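Shown next, in structure tokens, is the structure this report addresses.
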Amino acid sequence: MLMLATGCLMSAWVGQIEVPARAHVLINPEQTIAEIDPRFYGFFTEHIFDALDWKLAAQKIKGRGFESGDADGDGVGDGWRTVGDVEAALDTSTSYPRFEDGSSSTSQRLTVHGSGGIAQGSLALSAHDAVDLTLYIRAEAGVRSLRVSLGPPDGPSLAQAVVDDLPPEWAKRGVRLEVDDDVFPTELQLVFEGEGTVWVDQISMLPVSAVHGWRRDVVDLYERIRPSTLRYPGGNFCQTYHFPVGLGDPDLRPVVPNPAWSNYPEPNNIGTDEFLRLCEHVGMEPILCLNIGDTGGAQTLPGNSSERALRESLDWLEYANGPESSEWGARRAANGHPAPYGVKLWEVGNEIGYGHIHGRLTAEQYAPRFREFAEALLEKDPSIELIACGHDPAWNQHLVEQAGDLTDFIAIHIYDNVPAPEDAAAHPYRSVGEWLDSHIAALEAGGATPETVRLALNEWSYSWSYWTGPERAVAAAGLLHECLKRAEWIAMTNTSDTVARFRNNEAVAFPDPECLAIALLADMTGTEVVGCDVSSTATETAQRGVVPAVDAVATREGDRLHVSLLNRAFAPAEVTVRLPLTEASVSRAQGILCAEPHAHVSFEQPEAIAIRDLQDVSLVSGANGTAISLTLDPMSVAAIEIDMGNAAEAWGMGDLPAPEPLVSLRSLADADAMGWGAWEPMTIEGPAGAAEIQQGRAWVSSPADCRFGFMSPALDLGADEALVVETTASEFTGMNALLHLCAEGAEESMSEMLEVGIERGRAQVWAGSYSWRGEPVLAPAAIRVVIGPEGPGGRVVEVFVDGYPCQRIPGVRWFDDSRPRVFLYGWGEGLRVWDTVRVSRVPVARELVWEEPFDSALDSTRWTPAAVVGEEGSLSVDNGALAIQGAEESRFGLLSAPIEQGPDETIIVTGELLEYEGTNGLMTLLAGGVGEFEDYAEVGVEHGRAQAWMRDWSTAGERLSAPAQLALVAGPPNATGQRRMSAYVNGRLVAYAPHLYNIERPLRLFLYGWGESRTRWGSIRVERLDLSNLEGHMFAPTAGTG
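Under my numbering, the letters of the sequence shown match residues 14 to 1055, in that order.
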């Protein structure tokens, strides 16, 4: 056994977690799924407002050329203030430098009376990291000297220097300053002594430690994470960018508007050479994104024609890759880089199909524009690779059809807004994979292959950029997993963007959890994706529903195997990784771990979430296989590196003990462990097979074209009882192994039945005419079926394979007049082996909370007239009915007192709408009061149809007239503090929302109609079901009924 141990972080979660998640990961290192492009893990950076200059560039001075104006009218440029006795004004008659078009032609004029100048605060200084302060000055003779100082605004100077030789015409002066301690914030003061006027411009303060214009700590982060590619200069910015403005001496570069970002003044402190030299320094491959010009539409910019854009694109290509003897190659050499940069990746436009972009085009317009640019670029440098601007699948298919012969990659972007942390972690599951698959299908439909055109996901992130907790790392790893699983088609990914992913202010820079996920996976990814099947228990989220808690991807490089794992649950996950290797060893095991529960990185605690060595990773090897066991922290990402040694000749686990089932079969109240003697062999279709009991297991062998197996006796089931059926498919050959649930007397019916099991290596469910195919599952596989107690629309049936909730079917009425039976079988030829079946009959306590017959005056302690909007109407009670008369433009009715609901309880409300006149008659469950009409579910009749609303969506059903029986069911709160809701009309399910309501708000019942509707209501009944006996057997947590 091998054990890796460092400091334990798990203890921080004790007492805040419930049942651990569990997962089995089976790896086949000999099965190559896809080669991984070396460019796979990339970053992206863009000039967004002042973010790049403020967060990434080394230049510490804001507004150093005084081109941002004077918004507060104090006479000094934005970002500056006056010091001492001085008169200040911006001056456009003289500046340094001067441009022929008049741009960037503002300086700061100061008229000094004895001693005065300007200052800028919120600067950060590092101990013993000297800064070079330079500026251009023009001074009248009466101004004798300049004192440059650094220190607190109201404190003593920490460093200072004096410049005595002030020039009468524009000239550059400079000093070097150094402090002994880290200081933030501090202030730079430029104070002139004498009498007269002085002009200043292009003030610069750069640390000596700066690397090609970039902050040293930012470069350290790039070196730590080592992205394979870095994309620049945009983003939206590229569609209005003209690269020559970012060349040469930064002091001589113009400040230009940034039309992509609200015309923010762009100082161009970072340009082509700074970017490409950073890439050289760190070892990142650059991606340059080209401006392709405007379209002539409403967003057209003067001077941004496609002709100019093509000319500049070719010049930019020559600047980057041309020989020193070429025109632009000579300019590159003059700027300090004689050798060509050799940029291979060029992107032709950015998000051209989106409405927000300058230069928006349709797919039919972009394809010829791309072809025009591509042909010209490739003629100038045939060695480059081109990234075309993608959009939706239809756009991408058209692009492949029209210009696929010139395209190497098509860029796609994904951003999403997920409101809750657990939804963020679960987001990539299915939704990202399905989105990627739609783009891959479009490329294939257009005639592309992975050898001709691939996808570049070169902008991806989430709108909740302010989240800095572990869920961000899990979400990022999940998205990257989905891309790795499709690495045949996904060539590269670029997180968006560095100015957001690096958390920094003027003094500190550190990676956010998304960066950590990229760093961990990039360091722990091989050169090819290999076979990896995951079976996991589930976790529940508000928006994404029930998802597997654990996901994994395996990659290989030579004799090294890497396994990336993530845990989406707020509970630990016990994981077993199994592989057919005889001499394996774990050489590294690391994870993105929280120092304490629910930690977030911050400027105060940048290491609250960090990559740390994992604890207690154990390894057991047998004659024909290896098993690695580890526990993942709640909401975490991990990766292990395995030295494979000699792989076994064939797949198999040999003498390793079989893994424990993911679901423990627990003994419940009134549970019977049924002996096999009560079952009988039966064929439903085709010839009979052979069935026998050996060593406590059922062995079923069947020929082709048959459904043969063991059938249980009919099982008694009361109205207030749930039935839990559990077994394990130990092994099987053939196509599948299935548990079939049917009603007594309808064994051969395929319309009123449910089947769950394994089909072709995946979890599979059939329910009547409906089928569902889920995650990969291998034997042994635990199968569980839960039939809930009776509700307004029948019973809820839930099915699980290996603890994963495969399906929830509300409103099953198959057992209203008959008893259920269980059939264990397989389709067609093969052998199925079943472990002992456990059948548990679980009592559910049902309590009448109250019943309102409306046969007398209203109980004022239970009911209150209320209007959500508009004026109040009128109420009356007579002859066992409540009459509500609404008012114009109102939602008026009767509101109940709060209905108490415990953590394991389901609330069932039933009522009879006797009649209505007008628009509708509705029964509503509110979370809160009528003034909080956000979390609600309602059901009733509208315009002659059954209707239900749940928060912000609605559904209309079959035609219906009063009287109508209405029902609403609110299940127990889930892990995110929300309830399941179901709505029924005349016993039929009309709406179901798995996650609704904030549990902190009490439930209230509201009977009403819209506007001047008149409604009459019969008896209202409120019941409470206690589902605590079903804990651990229904959807986690308990799912309720209905």
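Ideal placement from N, C-alpha and C gives every residue a C-beta, glycine not left out. Nothing here was measured: the structure is a model prediction, and the numbers come from that model.
What does the alpha-carbon distance come out to for the pair residue i and residue j?
i: P647; j: L578; result: 12 Å
i: Y332; j: R266; result: 17 Å
i: V846; j: Y838; result: 9 Å
i: G816; j: A562; result: 10 Å
i: A756; j: R35; result: 33 Å
i: N933; j: P483; result: 47 Å
i: G168; j: T199; result: 10 Å
i: S451; j: R993; result: 31 Å
i: I531; j: Y54; result: 7 Å
i: F828; j: M766; result: 10 Å
i: A535; j: I238; result: 8 Å
i: G807; j: R1001; result: 9 Å
i: D830; j: A759; result: 11 Å
i: A661; j: A794; result: With a pLDDT of 39 at A661, under the threshold of 50, the predicted position of this residue should be treated as unreliable, though the coordinate-derived value follows. Those two C-alpha atoms are separated by around 24 Å.
i: P1060; j: I61; result: Since the first residue of the chain shown is 14 and the last is 1055, residue 1060 is not available in this structure.
i: Q133; j: S319; result: 41 Å
i: V633; j: V588; result: 14 Å
For residue i, tell me which candidate among the options has the shortest Cα-Cα distance.
i: F383; options: A597, L136, T932, L303; result: L303
i: G366; options: H404, E757, G342, Q777; result: H404
i: T937; options: V542, L861, E930, M963; result: M963
i: P166; options: S396, D178, L201, R186; result: L201
i: R854; options: H753, S974, I800; result: I800
i: A717; options: A701, A727, A732, S725; result: A701
i: D328; options: G296, S275, G893, H255; result: H255
i: P181; options: G571, D195, G368, G155; result: G155
i: L203; options: Q898, G130, D142; result: G130
i: G284; options: W227, V630, W1030; result: W227
i: G843; options: S715, L243, G906, S139; result: S715
i: C832; options: A401, A735, F867; result: According to the sequence provided, residue 832 is Arg. The question's Cys does not apply to it. Closest option to R832, Cα to Cα, is A735.
i: I641; options: A602, F616, I624, H956; result: A602
i: G699; options: V413, C719, V713, V778; result: C719
i: R321; options: D307, A940, L330; result: D307
i: G638; options: E153, P818, F616, S598; result: S598
So residue i and residue j are in contact, right, with Cβ under 8 Å, and what is the actual spacing, rounded?
i: V192; j: L171; result: 5 Å
i: P42; j: L592; result: 6 Å
i: G604; j: A651; result: 4 Å
i: V221; j: V144; result: 7 Å
i: A608; j: V614; result: About 10 Å separates the two Cβ atoms, so there is no contact after all.
i: A959; j: L973; result: 5 Å
i: L926; j: E1036; result: L926 to E1036, Cβ: 19 Å. No contact.
i: V38; j: A565; result: 5 Å
i: W1021; j: I822; result: The sequence given here has Tyr at residue 1021, not Trp. That belief does not hold up - the Cβ atoms of Y1021 and I822 are roughly 32 Å apart, past 8 Å.
i: F56; j: N507; result: 6 Å
i: Q72; j: D63; result: Going by Cβ atoms, the distance from Q72 to D63 rounds to 11 Å, so no, they are not a contact pair.
i: E208; j: H126; result: 6 Å
i: P805; j: I921; result: 6 Å
i: A401; j: A416; result: 7 Å
i: V881; j: R851; result: Going by Cβ atoms, the distance from V881 to R851 rounds to 50 Å, so no, they are not a contact pair.
i: P33; j: A584; result: 5 Å
State yes or no: is the C-beta of residue i nearer than 7 Å to some heavy atom of the ligand NAD?
i: L103; result: The ligand NAD is not part of the structure shown, which contains no ligands of any sort.
Taking 7 Å as the limit between beta carbons, can you name the residues of its chain near residue i, skipping five residues before and five after?
i: F485; result: One detail in the question is off: residue 485 reads as Arg in this sequence, not Phe. The answer, listed in chain order, is A437, D525, P526, E527.
i: I425; result: G403, H452, L468, L470
i: V258; result: R266, P267, V269, N281
i: D733; result: P802, P856, V857, R859
Skipping 5 residues on each side, what residues in its chain have a beta carbon closer than 6 Å to that of residue i?
i: V175; result: S158, R160
i: R290; result: H225
i: L574; result: P42, I655, M657
i: E693; result: M724
i: A500; result: A47, I49, V542
Leaving out the 5 sequence neighbours to the left and right, which residues in its chain are closer than 8 Å to residue i when beta-carbon positions are compared?
i: F745; result: I771, A792, G839, G843, L844, R845, V846
Does the segment 483-503 come within contact of the segment 461-471, defined as at least 3 CB pairs closer than 8 Å? Between the segment 483-503 and the segment 461-471 there are three or more C-beta pairs closer than 8 Å, enough to call the two in contact.
Indicate whether the contact test is met: 3 or more Cβ pairs, each with one atom in the segment 235-255 and one in the segment 273-287, closer than 8 Å. yes
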